[in-house]
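J.: The structure is given below, and queries will be raised subsequently.
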């Protein structure tokens, strides 16, 4: 029998893994449809460039090196919020093997800044630098020249002393056009491609406020007397949860195995039940359900791809795009007092060997979480 005492001890599904594999594949294109009503997230991968626009209409464009096995991998990130007055910012990330020839350069820190070269022309040093981690920021003039160069064939290099990291321009124009479409900039003065200085900015879409969520701290000792009413076998719990899963064989094939259930109290009437659902070569996913502590149990599935639960009320899913972990997909849900609401979702960019865990945070969903 599975029971819980007053202080309970802790002993999106398979498609997430599939989407990450697609994310790692160059030449694959993923597009989310635009919506004239809501700020629907937009994603596009084209050759060596990637676009991700989140639910507030902020768009992030990331370019990478072409050579997957380069000892000098690098990425450039261009970010622009929605609205006709939004500026574009630029950041760079230099990467490489920790034991490679560029290790000493990255450890030099701020003593040596990065210079941007386009078609052999030196456009000066970056405005700020954290080379110990491989990051630096581009000046506004560098961003402008870079954007102009991406509309045609160009050689883009990031230089530290005599070492050069090259970022590809392949696929950038398609990414820029999609960003213009997502923000309503096509045919306007602020368009990235073919700007029209004499046209009005009336079609440019405004930014959308991020949704606000209230994070409620779970109360693990709430109404301890109610614990006496909850006592179920593992097989009974599996039977209760089965009806919440559309495709059991793919989403939670381990629901009936011998892995133990973990149950925690959320408040005086609701519990969080956790059970391993699946395991792959380098990822795993747990099912998370909110249920009543007595009949009717009324279970609600949160996810079958959870990797952790923070007792402060946060469920998280961190999945690798491939075994070496140079790209991740991350999702979080927060406890609102009645259920878990998705508060954060995105990836850390393409799998290009730039850094452990990825080069950037490219969200499709952002929110304001208040405690």
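Numbering (my numbering), first residue to last: 2 to 372. Backbone N, C-alpha and C define an ideal beta-carbon position, used for all residues, glycine too. Since we're looking at a predicted model, the values are computed, not measured.
Could you tell me whether the Cβ atoms of residue 179 and residue 188 are closer together than 8 Å?
T.: For the purposes of this step, residue 179 is taken as the residue at position 178 of the chain shown. For the purposes of this step, residue 188 is taken as the residue at position 187 of the chain shown. Not closer than 8 Å, so no.
J.: Hey, quick one: how far does the alpha helix (DSSP H) through residue 251 stretch, first residue to last?
T.: Taking the first residue of the chain shown as position 1, residue 251 is located at position 250. Its alpha helix (DSSP H) spans residues 249-252.
J.: Thinking C-alpha only, which one of 87, 217, 236 is nearest residue 313?
T.: Taking the first residue of the chain shown as position 1, residue 313 is located at position 312. Cα-wise, what sits closest to residue 313 is 217.
J.: Helix, strand or coil: which one does DSSP assign to residue 203?
T.: Counted from its first residue, the chain shown places residue 203 at position 202. Of the three classes helix, strand and coil, the one that applies to residue 203 here is coil, per DSSP.
J.: Measure the C-alpha to C-alpha separation of residue 161 and residue 74 and round it to an integer number of angstroms.
T.: Within the chain shown, residue 161 is the residue found at index 160, counting from 1. Within the chain shown, residue 74 is the residue found at index 73, counting from 1. Those two C-alpha atoms are separated by around 13 Å.
J.: Assess contact between the region 287-296 and the region 261-277, defined as three or more Cβ pairs (one per stretch) separated by less than 8 Å. Is contact present?
T.: Cβ pair count under 8 Å is three or more, so yes.
J.: Whose C-beta lies closer than 7 Å to the C-beta of residue 70 among residues of the same chain, with five residues either side of it excluded?
T.: The residue you call residue 70 lines up with position 69 of the chain shown. Within the same chain, residue 70 has no close Cβ partners at all.
J.: Identify the continuous alpha helix (DSSP H) that holds residue 48 and give its terminal residues.
T.: Here the question's residue 48 lines up with position 47 in the chain shown. That residue, residue 48, is in no alpha helix (DSSP H); it is neither H nor E in DSSP.
J.: If contact is defined by three or more beta carbon pairs under 8 Å, each pair taking one atom from either stretch, is the region 49-60 in contact with the region 158-173?
T.: Yes, the region 158-173 touches the region 49-60.
J.: Start and end of the alpha helix (DSSP H) containing residue 182?
T.: Mapped onto the chain shown, residue 182 falls at position 181. Run containing residue 182: 173-183, per the alpha helix (DSSP H) assignment.
J.: Can you tell me whether residue 329 is helix, strand or coil according to DSSP?
T.: Within the chain shown, the letter at position 328 stands for residue 329. Residue 329 falls in the strand class under three-state DSSP.
J.: Candidates 349, 183, 152, 341: which alpha carbon is nearest residue 370's?
T.: By 1-based counting over the chain shown, the position of residue 370 is 369. Out of 349, 183, 152, 341, 341 has the C-alpha closest to the C-alpha of residue 370.
J.: Report the option in 354, 61, 355, 350 whose CA atom is closest to the CA atom of residue 193.
T.: For the purposes of this step, residue 193 is taken as the residue at position 192 of the chain shown. The shortest C-alpha separation from residue 193 is found at 61.
J.: Among the residues of its own chain, which have a CB less than 8 Å from the CB of residue 311, if the five just before and after it don't count?
T.: Position 310 of the chain shown holds residue 311. Closer than 8 Å at Cβ, skipping near neighbours: 317.
J.: Given a threshold of 16 other Cβ atoms within 10 Å of its Cβ, counted over all protein chains shown, does residue 357 qualify as buried or as exposed?
T.: Reading the chain shown from its first residue, position 356 is the one you call residue 357. With fewer than 16 Cβ atoms within 10 Å of its Cβ, residue 357 is classed as exposed.
J.: So the beta strand (DSSP E) residue 369 belongs to, where does it begin and stop?
T.: Mapped onto the chain shown, residue 369 falls at position 368. 369-371 is the extent of the beta strand (DSSP E) around residue 369.
J.: Nearest CA to the CA of residue 202: which residue from 191, 212, 210?
T.: Your numbering for residue 202 matches position 201 in the chain shown. Residue 191 is the option with its Cα nearest to residue 202.
J.: Under 6 Å Cβ to Cβ from residue 120, same chain only, skipping five residues before and after it: list those, please.
T.: In the chain shown, residue 120 corresponds to position 119, counting from 1. Cβ within range, chain order: 155, 156.
J.: Runs of 3 residues minimum, wholly inside the region 268-337: which ones carry the beta strand (DSSP E) assignment?
T.: Correct list: 271-280, 285-293, 301-307, 309-311, 315-321, 329-336.
J.: With DSSP run on the structure shown, which of helix, strand or coil describes residue 144?
T.: Here the question's residue 144 lines up with position 143 in the chain shown. The answer is helix: DSSP assigns residue 144 an H, G or I state.
J.: Which residues in the same chain as residue 242 place their Cβ atom closer than 6 Å to its Cβ, once the five residues preceding and following it in sequence are excluded?
T.: Here residue 242 is taken as the residue at index 241 of the chain shown, counted from 1. Answer for residue 242: 290, 300, listed in chain order.
J.: In terms of alpha-carbon separation, which member of 89, 87, 163 lies closest to residue 118?
T.: What you label residue 118 is simply residue 117 of the chain shown in a count that begins at 1. The shortest C-alpha separation from residue 118 is found at 163.
J.: Is residue 378 buried or exposed, if buried means 16 or more other CB atoms sit within 10 Å of its CB?
T.: A query on residue 378 cannot be resolved here, the shown segment of the chain reaching from 2 to 372 and no further.
J.: For residue 42, count neighbouring C-beta atoms within 10 Å of its own C-beta (all shown protein chains included) and say buried if the count is 16 or more, exposed if not.
T.: What you label residue 42 is simply residue 41 of the chain shown in a count that begins at 1. Buried, because 16 or more other Cβ atoms sit within 10 Å of the Cβ of residue 42.
J.: Pick out whichever of 354, 184, 334 has its Cα sitting closest to the Cα of residue 95.
T.: Mapped onto the chain shown, residue 95 falls at position 94. Minimum Cα distance to residue 95 is reached at 354.
J.: State buried or exposed for residue 165, treating a residue as buried only when at least 16 other CB atoms are found within 10 Å of its CB.
T.: On the chain shown, residue 165 is found 164 positions in, with the first residue counted as 1. Classification of residue 165: exposed, given that the 10 Å Cβ count is below 16.
J.: Check each candidate in 321, 339, 185, 55 and name the one with the smallest Cα separation from residue 346.
T.: Within the chain shown, residue 346 is the residue found at index 345, counting from 1. For the residues 321, 339, 185, 55, the minimum Cα distance to residue 346 belongs to 55.
J.: For the 8 Å Cβ check, are there 3 or more pairs between the region 327-342 and the region 75-86?
T.: They do not touch, by the three-pair rule.
J.: Alpha carbons only, please: which of 145, 125, 150 is nearest the one belonging to residue 91?
T.: Along the chain shown, read from residue 1 onward, the residue named residue 91 stands at position 90. Of the listed residues, the one whose Cα sits closest to residue 91 is 145.
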